Structure formats: C-alpha cells, structure tokens
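Here the sequence shown stands for residues 32 to 132, numbered as in my numbering. Glycine residues also receive a C-beta, built at the ideal position from the N, C-alpha and C atoms. Keep in mind that this is a model prediction, so the values were computed, not measured. Written out below as structure tokens is the structure these notes cover.
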Amino acid sequence: MVKITKDVAEKRLADVSDEVVFRCYDGQILSNLEELENALSDMPNETYGHHVSEEKNDFSTWVRDIIEDEKLANDLKKAVTKEQAAKAVSSRISLLGSKLG
Numbered sequence: 032m033v034k035i036t037k038d039v040a041e042k043r044l045a046d047v048s049d050e051v052v053f054r055c056y057d058g059q060i061l062s063n064l065e066e067l068e069n070a071l072s073d074m075p076n077e078t079y080g081h082h083v084s085e086e087k088n089d090f091s092t093w094v095r096d097i098i099e100d101e102k103l104a105n106d107l108k109k110a111v112t113k114e115q116a117a118k119a120v121s122s123r124i125s126l127l128g129s130k131l132g
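In structure tokens:
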C-alpha cells in the first residue's frame, strides 16, 4: 500500500498528459479525477454501461494504470452503479485533497 504523501496526492489530482486522457463513449475527454467525478455524476446510463460491464471497467483500469491509484481503482471495480462510482471518486478526491494542506 502506497503511503499518501503530499507529492503522491498532487500527482493523483493533477491532469494527465494528452496522450493518456480518458475518452468517453459520448465524446467527453477526462484529464483528472475531478473531471471523472463530474462526468460520472452527469453521465447517461448508456455511456456508463459502455465502459462498465461484467467483463470490464474502463474507469477502474484508467485510474489504476494512468492515475496509479490502486485503492480507487478497486473501489471503482466494486461500484455497481455510476452513483456509487462517483461517490468513490469524490471520497478519494477529498482524502487526497486533505493531504495537500
């Protein structure tokens, strides 16, 4: 388990490079966790269903491989609804943000 230092929190909350942004099925482009949280809150069920199914969870994969946040990736994998996924991201942003002060 990675200890969440200020540097780790800053890195996880920062924008990712243009080459590794998350491209949603509905055309949205997500560059950071805050954008992911907002997108999940407003996302049509069809778009969410395109990215999350029994076989895959694109959001979890992006968070694990690109944001490098294993804990949030696991939480997203467990989320059954987009509301639960948004709440998981929101909680993680709050925790990471608390490390910046």
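{"Asked": "Lys37: first and last residue of the uninterrupted alpha helix (DSSP H) it sits in", "Found": "37 to 44"}
{"Asked": "Residue(s) in a DSSP beta bridge with Arg54", "Found": "Ile60"}
{"Asked": "Cβ-Cβ distance between Asp46 and Thr78 below 8 Å", "Found": "no"}
{"Asked": "Distance, Val120 Cα to Glu86 Cα", "Found": "21 Å"}
{"Asked": "Length of the line joining the Cα atoms of Lys102 and Ala117", "Found": "14 Å"}
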